[in-house]
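Following: one structure in structure tokens, then a few remarks.
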Amino acid sequence: MTTQEFEIFAARSRARLLTTARSLIANGDEAEDVVQEALIKLYSMRDRLSEYRNIEALATVVVKHLALNVLRHHHRHRTTELNERVLYSEELQPDDRIDELLKAIDSLPSKQQMILRMKHIEGMEVEEIASAVQMSHDAIYQNLSRARRAILEQFKQRKNG
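According to numbering that gives the first Met the number 0, the sequence shown is numbered sequentially starting from 0.
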């Protein structure tokens, strides 16, 4: 793909990619950054883009993955702040359950991680998640249920083992 062809693709796809990013990330500026970063990644591989059947689908996947990384970063940052408050506060006692929960979430398959974080960390509704990840409502509920069961099972194993 030539630079000119890529510029045409980017101009044509930018609005749709931005909609996808905004559906995953509440902050509009961060959504813009995600789309920009995705386009930079795609531009750097423009010589190989002809190997892909659907470049627009590839671009959407790249945006979703980058948005998930942003959500992970926010979650870790919030967890660090919480842990610092726990460590330096006299009225709060250290609670290892938060770390255990984060480890359990990190061990889930990426799709379940993403859906669980969107639902419980970002506070998105199932309808919003389904639209953002282009899955049915039933698939979202099923992935949430599997993720929750897997986390519960991990906690049961730690308690008994």
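Built from N, CA and C at the ideal position, the CB exists for glycine as well.
Quantities reported herein were computed from a predicted structural model and do not represent experimental measurements.
| Item | Value |
| --- | --- |
| Contacting residues, own chain, Cβ-Cβ under 8 Å from L17 (five flanking each side not counted) | A30, E31, V34 |
| Close-in-space but distant-in-sequence residues of the same chain around K174 (CB under 7 Å, 5 per side omitted) | No answer is possible for residue 174: it lies beyond the span of the chain, which begins at 0 and ends at 160. |
| Distance between E36 and E4 (C-alpha atoms, nearest Å) | 18 Å |
| Check whether I128 and K118 have beta carbons under 8 Å apart | yes |
| Contact under 8 Å by Cβ, E55 with S12 | yes |
| C-beta contact flag for A138 and L115 at 8 Å | no |
| Residue from Y42, S22, A14 whose Cα sits closest to the Cα of E6 | Y42 |
| Sub-8 Å separation of K102 and N142 beta-carbons | no |
| Three-state secondary structure (DSSP) of I24 | coil |
| M113 classed as buried or exposed, judged by whether at least 16 other C-beta atoms fall within 10 angstroms | buried |
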